[in-house]
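These notes concern the structure reproduced below.
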Amino acid sequence: VFEPFIESLSSSSSSSEGDDISTNNGHQQQLTMPNPDYGCNTYIKFGAMKDYATKTLKADYVATGHYAQLWHRDYLTSLDKQSKYCKSPFHEWMVETTQSLERQVIDSIAGRPEEDWILNNHTQSSSDDDDDVRPLPMLLAGKDRSKDQTYFLSGVKGTALRNVIFPLGHLAKSQPATQVNSNNSGDDSYQSVRNIAQQANIPTASKRDSMGI
Numbered sequence: 028v029f030e031p032f033i034e035s036l037s038s039s040s041s042s043s044e045g046d047d048i049s050t051n052n053g054h055q056q057q058l059t060m061p062n063p064d065y066g067c068n069t070y071i072k073f074g075a076m077k078d079y080a081t082k083t084l085k086a087d088y089v090a091t092g093h094y095a096q097l098w099h100r101d102y103l104t105s106l107d108k109q110s111k112y113c114k115s116p117f118h119e120w121m122v123e124t125t126q127s128l129e130r131q132v133i134d135s136i137a138g139r140p141e142e143d144w145i146l147n148n149h150t151q152s153s154s155d156d157d158d159d160v161r162p163l164p165m166l167l168a169g170k171d172r173s174k175d176q177t178y179f180l181s182g183v184k185g186t187a188l189r190n191v192i193f194p195l196g197h198l199a200k201s202q203p204a205t206q207v208n209s210n211n212s213g214d215d216s217y218q219s220v221r222n223i224a225q226q227a228n229i230p231t232a233s234k235r236d237s238m239g240i
């Protein structure tokens, strides 16, 4: 997605994507952006680039490597039973992920004052330009808390995350989850991203981590 997106910006002097990038650059020049990654996610990755992917390339979903998780609260109830996804590995992954995150959220807030508010209220978009009445996705921390990127995603509107997935959010980056999160104690089957990459012979499996500012 990224390379054709950049090429489209180079060949077009005026576009909504260009407006998003100009807005991001303006904030950084005025020193009103709390973090460069925050602005990149808000205006470019989940603004201009996602719009390009869904509108120009006609992508149904956009997947990124962020260490965060998204609970798509409407997925199980809104999916058309005749959809092309229903018999696909993608659908199986979405169902498993949705059910797992739902259980985790419900268990973590049971009996707390915010339980009713989180589960039953303020779940729909209040944006004037969004007429979709489905509940918005809930942004959750990644399993690997040492790599969690939810802060850098906090400026992204919920409407922009409707058709986004984070396939790495439930994985540890470098070490087994038993060493990252005590809640997974004893789960030896849990693999890290680097382990999976090494097994697939991906050249960057041992590349040092890239770090934001």
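Residue numbers (the numbering used here): 28 to 240.
Yeah, the Cβ is synthetic: ideal placement off N, Cα and C, and Gly gets one too.
Cα separation between residue i and residue j?
i    : j    : result
A199 : L84  : 31 angstroms
G169 : K234 : 21 angstroms
I145 : D134 : 13 angstroms
Q226 : K174 : 22 angstroms
H278 : Y94  : The requested residue 278 is not part of the displayed model; the chain covers only 28 to 240.
D231 : N222 : Rather than Asp, the amino acid found at residue 231 in this sequence is Thr. T231 and N222: Cα-Cα distance of roughly 12 angstroms.
Y79  : S105 : 25 angstroms
I71  : R139 : 36 angstroms
V250 : D171 : Since the displayed the chain opens at 28 and closes at 240, residue 250 lies outside it and no answer follows.
D64  : G182 : 10 angstroms
So, under 8 angstroms CB-CB, residue i and residue j are touching, yes? Tell me the CB distance rounded to an integer number of Å.
i    : j    : result
D101 : P162 : 5 angstroms
F73  : L188 : 7 angstroms
L103 : V132 : Not confirmed; about 14 angstroms, so no contact.
L167 : N68  : So it is not a contact: roughly 16 angstroms between Cβ atoms.
Using DSSP with H/G/I as helix, E/B as strand and the rest coil, what is residue i?
i    : result
A224 : helix
S201 : coil
V207 : For V207, the predicted structure reports a pLDDT of 48, less than 50, and the residue's modelled location is therefore unreliable. The matter cannot be settled from this model.
S219 : strand
L84  : coil
G213 : Its pLDDT being 43, under 50, G213 is placed unreliably by the model, and the measurement read from it follows with that caveat. In this structure, G213 counts as coil in the three-state DSSP scheme.
P162 : strand
L188 : helix
V89  : strand
A137 : coil
L195 : coil
Do residue i and residue j have their C-beta atoms closer together than 7 angstroms?
i    : j    : result
I192 : A75  : no
H118 : P164 : no
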